[in-house]
């Protein structure tokens, strides 16, 4: 299975600021995704990070709020822009490797917005 | 609308017993279904994947069944141990994207 790391692991931010979360995989992967897990809730898919092109966002999520980059097959970033306390969540990246169906998750980034 | 329901928020069982978790879904036609374990403050860890043409799959003390007619998956932990205490999530796939149930928190008492 892929080994996935995320930076930062946690952060406390002021409202109105932005935070960029990095996701690094130890091998090339076919697909990368970003999820959000709000306190006490399950995971919700934010977007699919497409290598070399714009991300594909799910309903309720927009690029201006959650810009995503994926410059290569092992790295992606998610930015949470103009943050408000409602953005306090755990943000997780996940990957699918070539010719596999299993999705592996990173350890998550715990974000608190004050 | 699409919906995924896991039978209960919490399940408390005695060590050595079998825990049975239920995942029901509507308005999905998944090619496969996955079960994950999540510990507090950590990302989900993959446990088992079962495809639509498979009835049952096992991995050590874990067993998953998948009934596409009933639109239901059952997840069993046999001979449960306190270390099995965690939240278990079922997830349905569509174009590699996963939709998750709310999860069932299992507590195994010694």
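Residue numbers (my numbering), protein chains in the order written: chain A, 184 to 297; chain B, 233 to 342.
C-beta atoms are modelled at their ideal positions from N, C-alpha and C, and glycine is treated no differently.
Q) Does the Cβ-Cβ distance between residue 245(B) and residue 340(B) come in under 7 Å? A) Here residue 245(B) refers to the residue found at position 13 of the second chain. Here residue 340(B) refers to the residue found at position 108 of the second chain. Yes, they are a contact pair.
Q: Pair every Cβ in the segment 255 to 271 of chain B with every Cβ in the segment 314 to 322 of chain B, then say whether three or more of these pairs are closer than 8 Å.
A: yes
Q) Where do the N-terminal and C-terminal ends of the beta strand (DSSP E) with residue 254(A) fall, by residue? A) Residue numbering aside, residue 254(A) sits at position 71 when the first chain is read from its first letter. Residues 251 to 255.
Q. Shorter than 7 Å from the beta carbon of residue 207(A) to some beta carbon of chain B?
A. The sequence position of residue 207(A) within the first chain is 24, counting from 1. False, the Cβ-Cβ gap to chain B never drops below 7 Å.
Q) Around the Cβ of residue 284(A), are there at least 16 other Cβ atoms within 10 angstroms (buried) or fewer (exposed)? A) Counting from one through the first chain, the residue named residue 284(A) turns up at place 101. Classification of residue 284(A): exposed, given that the 10 Å Cβ count is below 16.
**Q.** Three-way DSSP call (helix, strand, coil) for residue 269(A) in this model
**A.** Against the first chain, residue 269(A) aligns to sequence position 86. Reduced to three states, the DSSP call for residue 269(A) is helix.
Q.
Please list, in chain order, the residues of the segment 329 to 340 of chain B that have any C-beta partner in chain A closer than 8 Å.
A. 329, 330, 331, 332, 333, 334, 335
Q. Touching or not, the segment 252 to 260 of chain A and the segment 297 to 305 of chain B, by the rule of three or more beta carbon pairs under 8 Å?
A. no
Q.
If I measure Cβ to Cβ from residue 221(A) and keep anything under 6 Å in the same chain, skipping five residues before and after, which residues do I get?
A. The residue given as residue 221(A) occupies position 38 in the first chain. Cβ within range, chain order: 272.
Q: Output, in chain order, the set of chain A residues within a Cβ distance shorter than 8 Å of residue 276(B).
A: The sequence position of residue 276(B) within the second chain is 44, counting from 1. Those are 226, 275, 288, listed as they occur along chain A.
Q) Given that residue 265(B) touches chain A, what residues does it touch there, using C-beta distances under 8 Å? A) By one-based count along the second chain, residue 265(B) stands at place 33. Residues of chain A passing the Cβ test: none, with the nearest at roughly 10 Å.
Q | Beta carbon proximity, residue 253(B) to chain A, threshold 7 Å | A | As a working mapping, residue 253(B) is identified with position 21 in the second chain. No - not a single Cβ of chain A is within 7 Å of the one on residue 253(B).
Q) Hey, does residue 302(B) have any beta-carbon neighbour from chain A nearer than 7 Å? A) The sequence position of residue 302(B) within the second chain is 70, counting from 1. Taking Cβ atoms only, chain A never reaches closer than 7 Å to residue 302(B), which makes this a no.
(Q) For residue 281(A), which residues in the same chain have their Cβ closer than 6 Å to its Cβ, ignoring the five residues on either side in sequence? (A) Taking the first chain and counting its residues from 1, one reaches residue 281(A) at position 98. So the list reads 213, once near-sequence residues are dropped.
Q: Could you work out which residues of chain A lie near residue 324(B), taking near to mean beta carbons separated by less than 7 Å?
A: By one-based count along the second chain, residue 324(B) stands at place 92. In chain order: nothing, as chain A lies at least about 12 Å away.
Q. Could you give the C-beta distance for residue 276(A) and residue 196(A), rounded to a whole number, given that I count them as a contact under 8 Å?
A. The residue given as residue 276(A) occupies position 93 in the first chain. The residue given as residue 196(A) occupies position 13 in the first chain. The Cβ separation is near 19 Å, so there is no contact.
Q) Nearest-angstrom Cα distance between residue 261(B) and residue 234(B)? A) Start at 1 with the first residue of the second chain, and residue 261(B) comes out as number 29. Start at 1 with the first residue of the second chain, and residue 234(B) comes out as number 2. Straight-line Cα distance between these residues: approximately 10 Å.
Q: Would you mind telling me which residues of chain A sit closer than 7 Å to residue 281(B), beta carbon to beta carbon, in chain order?
A: Indexing the second chain from 1 puts residue 281(B) at position 49. Going along chain A in sequence order, the residues near residue 281(B) (Cβ under 7 Å) are 284, 285.
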